[in-house]
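Residue numbers (UniProt numbering): 1 to 333.
Now the structure itself:
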């Protein structure tokens, strides 16, 4: 991760987090006269095509601000944060999710990204902004606490609904916040859902995936289990890893049309696989770790130059590139 690349990502995000249209709402109309205006309903997260992309666009800016404070883009980031993160704006965002019809709003993907943003603000020296955003973070923690015990079966899809991905991001927040009760809930549910999984077939990618169901599950178990429990679980989960099997897991996805928002998801799959493989590799014995590290490089190379160009990818792909390059916790390198 270089300052030049960080600056490029920062400019991309600054160009879309306040771009109100086009906009794809996750909004339930409650009456004939109900009207929806992105900026009115979401005074902070109204840009970037949809709510969750705007949230993780802000996360990208917060992480770049922390890792590369010397960048010229920092002044614009600071001005944006000061304008956006006000108590009044946060209360409007929080009140929106209290609507009865918003019970499933952005569940669980947007919930997890909101917590990821809160954690990044906390560790990045933006404690005033973190404190301002805390009521929204608290609301999403409570939603997780209420929802996870009710979720009898995990969602294993390769897109927003993926349960394991949400666990990874929520765990980052719980560790930063020192919320061990929340971490215990995340760990317990992960074990309930995934502990008996073995010999993963990796029937992926799907045509619109931007997450690997196989690798997201592995990453969730890695961050939530003690090392002595993760090692045997992972060995049984991907027993033929060193032979690069299942083969589909190690072949970067191809994108046929980057102007199609769903097909462009596959660039995100390559980046999120790179993130997961790089994150897992230090926790896997040498040959397996090297296999993951090599494949991560192949996936990263397939997509790193595709983060801008068409807005269907540009409004979100740099986030996953930054994850791939800095990891869940954010170490440049």
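In this text, a Cβ means the ideal position worked out from N, Cα and C, and glycines have one as well.
Straight through space, the alpha carbons of residue 299 and residue 252 are spaced by roughly 5 Å.
By the C-beta criterion, the region 95 to 104 is judged not to be in contact with the region 148 to 157, since fewer than 3 inter-stretch pairs fall below 8 Å.
For the pair residue 18 and residue 87, the CB atoms are not nearer than the 8 Å cut-off. Contact between residue 269 and residue 212 holds, with the beta-carbon distance rounding to 7 Å and staying under 8 Å. Rounded to the nearest angstrom, the gap between the Cα atoms of residue 179 and residue 142 is 12 Å. Between residue 321 and residue 49, the C-beta spacing is not below 8 Å. Boundaries cannot be given for residue 328, as no alpha helix (DSSP H) includes it and DSSP labels it neither H nor E.
Beyond the five residues adjoining it in sequence on each side, residue 169 comes within less than 7 Å, by CB distance, of 112, 113, 115 and 116 in the same chain, given in chain order. Here the alpha carbons of residue 76 and residue 203 stand approximately 43 Å from one another. Distances from the CA of residue 45 to each of 71, 130 and 84 were compared; the closest alpha carbon is that of 84. About 7 Å separates the CB atoms of residue 38 and residue 25; that is less than 8 Å, so the two are in contact. Setting aside the 5 residues that flank it on each side, residue 324 is surrounded in the same chain by 271, 274, 275, 278 and 300, each with a C-beta closer than 7 Å to its C-beta; the list follows chain order. The beta carbon of residue 167 lies closer than 6 Å to those of 186, 190 and 220 in the same chain, with the five residues before and after it left out. Distance from residue 303 to residue 267 at the Cβ level is roughly 5 Å; contact confirmed, criterion being Cβ atoms closer than 8 Å.
Between residue 71 and residue 3 the beta-carbon gap is near 6 Å, inside 8 Å, which marks them as a contact. DSSP, read as helix, strand or coil, puts residue 305 in helix. Put simply, the backbone Cα of residue 326 is about 46 Å away from that of residue 32. Selection 246, 281 and 63 evaluated against residue 200 yields 246 as nearest (Cα-Cα). Of the residues 6, 11, 16 and 1, the one whose Cα lies closest to the Cα of residue 312 is 16.
Between the alpha carbons of residue 91 and residue 135 lies a gap of roughly 8 Å. Taking all protein chains shown into account, residue 239 has fewer than 16 neighbouring C-beta atoms within 10 Å of its C-beta and is therefore exposed. Per DSSP, residue 275 is one residue of the alpha helix (DSSP H) stretching across 265 to 280. With 16 or more other Cβ atoms inside 10 Å of its own Cβ, residue 65 counts as buried. Sorting 184, 79 and 331 by C-alpha distance to the C-alpha of residue 145 places 184 at the top.
In the three-state reduction of the DSSP assignment, residue 27 falls in the coil class, being assigned neither a helical nor a strand state.
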